[in-house]
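Residue numbers (UniProt numbering): 1 to 156. Reviewing the structure listed below.
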């Protein structure tokens, strides 16, 4: 008669080969051949999954870096464009100011010229009048000074 050895859990051993036998409570997973192969397969899959995640993360970092560079370039472009517009606006306003100043300063110059002509003509009139009746005026002044007729002032 054949004596069967009992498994550690007190049950008779399985007649199936070891690699087909399911794990029992006190069996270690690594000791089971199917489970060891499965663990290696899962480990390889996990490594591949981790590698895929790392590759995706690197790709995402590249995309973020490109976006930052693009944004920085756009900001620089916008600043330079704004600076150009400011310079053009300054030139335009400076031209308008020069035109305005020229129009109004020439108006002032014209007014000055007109005033000078008017003044010169008045001075000429006074000189002609003085030349014409200057001797008469002098005689009247001398007569008024020499023929003084003092009168007391009247107080009211």
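Yeah, the Cβ is synthetic: ideal placement off N, Cα and C, and Gly gets one too.
Any non-hydrogen atom of the ligand FAD within 7 angstroms of residue i CB
i: residue 58; result: You won't find the ligand FAD in this model; it holds no ligand whatsoever.
Three-state secondary structure assigned by DSSP to residue i
i: residue 108; result: helix
i: residue 148; result: coil
i: residue 154; result: coil
Backbone CA spacing between residue i and residue j [nearest angstrom]
i: residue 96; j: residue 131; result: 52 angstroms
i: residue 68; j: residue 75; result: 10 angstroms
i: residue 78; j: residue 88; result: 15 angstroms
i: residue 43; j: residue 53; result: 15 angstroms
i: residue 146; j: residue 153; result: 20 angstroms
i: residue 109; j: residue 120; result: 16 angstroms
i: residue 41; j: residue 64; result: 34 angstroms
Q. What residue ranges within the UniProt region "Disordered" (68-136) form continuous alpha helix (DSSP H) runs of no fewer than 4 residues, ordered along the chain?
A. none
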